[in-house]
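Residue numbers (the numbering used here), protein chains in the order written: chain A, 1 to 105; chain B, 106 to 221.
Structure below.
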């Protein structure tokens, strides 16, 4: 299943509400996860089952969507949120999106 | 603290074999499925496969099934990835992770470069 993330690059200011998109090539129900990867580090699980926050992840991160369209929202962007964000579907095998790189403006 | 530490990466010639290891700590290794994911230099993420907690069952990405083998030694809390007949397109950072359809713990990655 192909996963398409947009935009590929996003610049925003500290305190902004940021929205990242992930679209699946077919219905994946709610089997969608989001990961954050900071430069030089391994990915970290943020959200699973489309909208469940992983333990220890700040509440400014939230996920929504179902079927084919999904969104990761950061309610108030912080400097430490600079990273690339990947989505992953696990409805049929598992595939990842190509990522959205988030920068501070 | 959950920790996963990969080793065994490096420079390898096309057609050769390589075995990566991943030592787990901070959790009961034998209770969890585990998987391998790789990330290319262009940052594309690809799931390689997974293995059941007791090692009795494995799944692989269809494109890699014939060349890659995942195994584990629960007595040593160690996960393995045997790569054979490697190709230039296998150049990537290889991550082991704790797996339950999502990957909730990752190692720091092992870099593999396939080049003559």
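Heads up, the beta-carbon is just placed ideally off N, CA and C, and yes, glycines get one too.
Do residue j and residue i come within 8 Å of each other at the CB atom, strictly closer than that value?
| i | j | result |
| --- | --- | --- |
| residue 96 (chain A) | residue 3 (chain A) | yes |
| residue 33 (chain A) | residue 90 (chain A) | yes |
| residue 108 (chain A) | residue 1 (chain A) | There is no way to answer for residue 108 (chain A), as the model of chain A reaches only from 1 to 105. |
| residue 185 (chain B) | residue 124 (chain B) | yes |
| residue 18 (chain A) | residue 74 (chain A) | yes |
| residue 36 (chain A) | residue 209 (chain B) | no |
| residue 144 (chain B) | residue 196 (chain B) | no |
| residue 193 (chain B) | residue 116 (chain B) | no |
| residue 72 (chain A) | residue 57 (chain A) | no |
Could you tell me the alpha carbon to alpha carbon distance between residue i and residue j, rounded to whole angstroms?
| i | j | result |
| --- | --- | --- |
| residue 29 (chain A) | residue 118 (chain B) | 42 Å |
| residue 99 (chain A) | residue 49 (chain A) | 18 Å |
| residue 69 (chain A) | residue 183 (chain B) | 37 Å |
| residue 13 (chain A) | residue 133 (chain B) | 42 Å |
| residue 164 (chain B) | residue 150 (chain B) | 17 Å |
| residue 206 (chain B) | residue 120 (chain B) | 31 Å |
| residue 15 (chain A) | residue 40 (chain A) | 25 Å |
| residue 128 (chain B) | residue 216 (chain B) | 16 Å |
| residue 218 (chain B) | residue 147 (chain B) | 13 Å |
| residue 137 (chain B) | residue 27 (chain A) | 28 Å |
| residue 87 (chain A) | residue 113 (chain B) | 28 Å |
| residue 234 (chain B) | residue 101 (chain A) | Outside the displayed span of chain B (106 to 221) sits residue 234 (chain B), for which this structure offers no information. |
| residue 79 (chain A) | residue 122 (chain B) | 42 Å |
| residue 172 (chain B) | residue 204 (chain B) | 21 Å |
| residue 51 (chain A) | residue 44 (chain A) | 16 Å |
| residue 181 (chain B) | residue 158 (chain B) | 13 Å |
| residue 168 (chain B) | residue 85 (chain A) | 25 Å |
| residue 214 (chain B) | residue 174 (chain B) | 18 Å |
| residue 156 (chain B) | residue 162 (chain B) | 6 Å |
| residue 76 (chain A) | residue 142 (chain B) | 31 Å |
| residue 81 (chain A) | residue 188 (chain B) | 35 Å |
| residue 66 (chain A) | residue 170 (chain B) | 31 Å |
Taking Cβ-Cβ distances shorter than 9 Å, what residues in chain B pair up with residue i?
| i | result |
| --- | --- |
| residue 43 (chain A) | 142, 144, 150, 200, 202, 208, 211 |
| residue 25 (chain A) | Residues of chain B passing the Cβ test: none, with the nearest at roughly 16 Å. |
| residue 99 (chain A) | 148, 149, 150 |
What residues of chain A sit near residue i, judged by a beta carbon separation below 7 Å?
| i | result |
| --- | --- |
| residue 214 (chain B) | 42 |
List the residues of chain B that residue i touches, going by C-beta distances under 7 Å, in chain order.
| i | result |
| --- | --- |
| residue 33 (chain A) | 207 |
| residue 90 (chain A) | 206, 207 |
Which whole-angstrom value describes the C-beta separation of residue i and residue j, a residue pair presumed to lie in contact below a C-beta threshold of 8 Å?
| i | j | result |
| --- | --- | --- |
| residue 126 (chain B) | residue 202 (chain B) | At roughly 14 Å, the Cβ-Cβ gap does not stay under 8 Å, so residue 126 (chain B) and residue 202 (chain B) are not in contact. |
| residue 135 (chain B) | residue 179 (chain B) | 4 Å |
| residue 160 (chain B) | residue 177 (chain B) | 5 Å |
| residue 20 (chain A) | residue 10 (chain A) | 7 Å |
| residue 83 (chain A) | residue 23 (chain A) | About 20 Å separates the two Cβ atoms, so there is no contact after all. |
| residue 131 (chain B) | residue 110 (chain B) | Actually they do not touch by this definition, with Cβ atoms about 11 Å apart. |
| residue 211 (chain B) | residue 94 (chain A) | Between residue 94 (chain A) and residue 211 (chain B) the Cβ distance is about 14 Å, and since that is not below 8 Å, they are no contact. |
Mind pulling the chain B residues with CB within less than 8 Å of residue i?
| i | result |
| --- | --- |
| residue 84 (chain A) | 148 |
| residue 54 (chain A) | 209 |
| residue 94 (chain A) | 152, 206 |
Segments assigned beta strand (DSSP E), at least 3 residues, entirely inside the segment 9-94 of chain A: 9-12, 18-24, 32-37, 44-48, 61-66, 69-74, 83-89
Ordered list of beta strand (DSSP E) runs contained in the segment 126-155 of chain B, each at least 3 residues: 138-144
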